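Numbering (the numbering used here), first residue to last: 94 to 228. Each residue gets a CB set at the ideal place from its N, CA and C atoms; glycine is no exception. Since this is a predicted model, take the numbers as computed values, not measurements.
Below, the structure written as structure tokens:
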């Protein structure tokens, strides 16, 4: 086995669910912020690719929600918000992009606030460990 691949796989096993979530939300915030700046500069051509980046990351969030829990309140609200973000970023409106950025930042801040408790719950076995699938 390739030593670099083995290292990456071993490193991924130490990640918790909250670590993965925070990374994904950070990517979404980054892409949304870039999109806002592109709109402010009037660069609608570059905005097309940024829109795809935002939507790809938001779809990752949606895909990560276990269908078994989709009817529970929090996962249902997260899915609703993700759809909202995708809808807002379909336009070139600065207000729409700022609104999408605001809601994603708010969710990220909520996860940041509980990250220590979430890690502790996963380490103790209260929350199942993250399933890591190597592709």
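CA-to-CA distance, residue j to residue i, given in whole angstroms
i: residue 120; j: residue 155; result: 14 Å
i: residue 190; j: residue 172; result: 18 Å
i: residue 118; j: residue 133; result: 22 Å
i: residue 220; j: residue 162; result: 14 Å
i: residue 160; j: residue 169; result: 10 Å
i: residue 199; j: residue 218; result: 28 Å
i: residue 127; j: residue 222; result: 33 Å
i: residue 135; j: residue 112; result: 35 Å
i: residue 197; j: residue 166; result: 18 Å
i: residue 188; j: residue 206; result: 27 Å
i: residue 148; j: residue 208; result: 25 Å
i: residue 195; j: residue 107; result: 30 Å
i: residue 153; j: residue 193; result: 16 Å
i: residue 164; j: residue 210; result: 24 Å
Three-state class that DSSP yields for residue i in the structure shown
i: residue 222; result: coil
i: residue 137; result: helix
i: residue 182; result: coil
i: residue 165; result: coil
i: residue 158; result: coil
Beta-carbon contacts of residue i that lie in its chain and below 7 Å, excluding the five residues immediately before and after
i: residue 114; result: 204
i: residue 215; result: 109, 110, 222
i: residue 151; result: 121, 175, 178, 179
i: residue 185; result: 132, 137, 140
i: residue 212; result: 109, 111
8 Å CB neighbourhood of residue i in its chain, flanking five on each side removed
i: residue 144; result: 128, 182, 183
i: residue 201; result: 115, 118, 119, 121, 122
i: residue 158; result: 168, 171, 172
Beta-carbon contacts of residue i that lie in its chain and below 6 Å, excluding the five residues immediately before and after
i: residue 228; result: With a pLDDT of 39 at residue 228, under the threshold of 50, the predicted position of this residue should be treated as unreliable, though the coordinate-derived value follows. There are no such residues.
i: residue 146; result: 124
- Message: My parser needs the alpha helix (DSSP H) runs of 4 or more residues fully inside the stretch 106 to 137; what are they?
- Response: 110 to 134
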